[in-house]
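>
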Amino acid sequence: IERSPVITPLFHIRITSLLILLASINLTMIEYAFDSTLAKGASVQLVFGFEYAILSTVVLNITIKYILHVIDTHSDSPWENKPVFLLYTELVIGLIK
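Sequential numbering of the sequence shown, starting at 1291, is according to my numbering.
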C-alpha cells in the first residue's frame, strides 16, 4: 500500500471486503470452537479457537494500519503523528496477543 502511487476505489473495495471476510470467518470459527468445547469438553478445537483468536488480532492490526494509511493519503500535508499511532497500535495488539 505504501509504495503504490495510484490506489483506485476498486482497491479499497477489495481490501475492505477481504478484511470483513477474514474477520467474519475467524469469528465464526471461534464461535464453533467455543460451542464444540462446551458440548464435547476440551479437545483440539480449543487450540484452534485460540489460533483463530490470534488471527483475529492480526486482521484487526491490519485494519487499523489500513485506516491510518487512508487517513494519511487523504490529508493535504504529511501526517506527523502517524508513526506514534502505529507504535501504539503495535503495543496494544502485542498486549492483546
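Positions of the beta carbon are idealized from the N, C-alpha and C atoms, including for glycine.
1) If distances are taken between C-alpha atoms only, which option among P1368, L1358 and A1323 comes closest to E1380?
2) Give the DSSP-derived three-state secondary structure of S1365 in the structure shown.
3) Return yes when at least one heavy atom of the ligand FMN lies under 6 Å from the C-beta of M1319, else no.
4) Rounding to the nearest angstrom, what Cα-Cα distance links T1353 and L1309 in this structure?
5) I'd like to know if the segment 1320-1335 and the segment 1365-1385 are in contact, where contact means that at least 3 CB-CB pairs between them fall below 8 Å.
In this structure, then:
1) L1358
2) coil
3) The ligand FMN is not among the ligands present in this structure, which contains no ligands whatsoever.
4) 7 Å
5) no
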